[in-house]
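Trainee: Quick one: this structure, given as C-alpha cells, is what I'll be asking you about.
Residue numbers (our numbering): 2 to 128.
Laid out in C-alpha cells, this is it:
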C-alpha cells in the first residue's frame with residue numbers, strides 16, 4: 002500500500018510515494034495552472050515520510066514534458082532529496098527520458114550539475 006498516490010491528469014503527472022519500499026515515482030507531463038499548489042504538498046509529504054527512512058531511496062522521474070513553473074518545482078523536489086541524502090540514507094535518482102529526447106536528457110544533466118547529485122540516466126524506447 003502506498004503512502005501517497007496522485008493519478009495523472011491532462012496537466013499533472015502521476016506521483017507515488019511509498020516509504021515502506023523507499024520509492025518515489027513521478028511520471029508524465031506537468032503543466033498545472035498552479036505548479037506550486039500541486040508540488041508543495043508533495044514536497045511536504047516527502048519530507049514527512051522519508052526523513053525516518055534508512056538505506057536507499059529510489060526515485061524514478063520519467064517526464065514527457067513540463068513547463069517552466071513545473072521545472073522550478075521539480076528542482077525543489079530534487080533539492081529536498083539532496084538534503085535527505087546522507088551516510089545513513091542514500092538517494093538514487095533514476096532520470097528516465099525517451100531515447101530521442103535530448104532536451105529531457107540535458108535537463109536531467111543540468112539538474113544533476115546544479116545540485117551536485119548523481120543521476121542514473123535511463124533511455125527508454127520512443128513509444
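Where a beta carbon is used, it is the ideal one built from N, C-alpha and C, also for glycine.
(1) Can you check DSSP and say which residues form a bridge with residue 31?
(2) Measuring CB to CB, does residue 55 end up less than 8 angstroms from residue 90?
(3) Using the beta-carbon count (16 or more within 10 Å), is residue 23 buried or exposed?
(4) Taking a contact to mean a Cβ-Cβ separation below 8 angstroms, would you say residue 121 touches residue 93 in this structure?
(5) Just confirm the distance between the C-beta atoms of residue 35 and residue 60, as a whole number of angstroms; I'd bet it's less than 8 angstroms.
(6) Check the C-beta distance from residue 51 over to residue 85 and give it rounded, since I have them as a contact under 8 angstroms.
(7) For the beta strand (DSSP E) containing residue 18, list its first residue and its last residue.
(8) So residue 101 and residue 125 are supposed to be a Cβ contact under 8 angstroms. How far apart are they, rounded?
(9) Near residue 123, what residues of its chain come up, given a Cβ to Cβ distance below 6 angstroms and the 5 sequence neighbours on each side ignored?
(10) For residue 10 and residue 66, what's the separation of their Cα atoms in angstroms?
(11) Quick check: what's the CA-CA separation for residue 118 versus residue 18?
(12) Tell me whether residue 124 sits in a helix, a strand or coil according to DSSP, three-state version.
(13) Drop a sphere of 10 angstroms on the beta-carbon of residue 82, count the other beta-carbons inside from all chains shown, and report buried for 16 or more, exposed for fewer.
Mentor: Reading off the structure:
(1) 67
(2) yes
(3) buried
(4) yes
(5) No, residue 35 and residue 60 are not in contact; Cβ-Cβ is about 23 angstroms, not under 8 angstroms.
(6) 6 angstroms
(7) 15 to 19
(8) Not a contact, Cβ separation roughly 10 angstroms.
(9) 95 and 97
(10) 13 angstroms
(11) 20 angstroms
(12) strand
(13) buried
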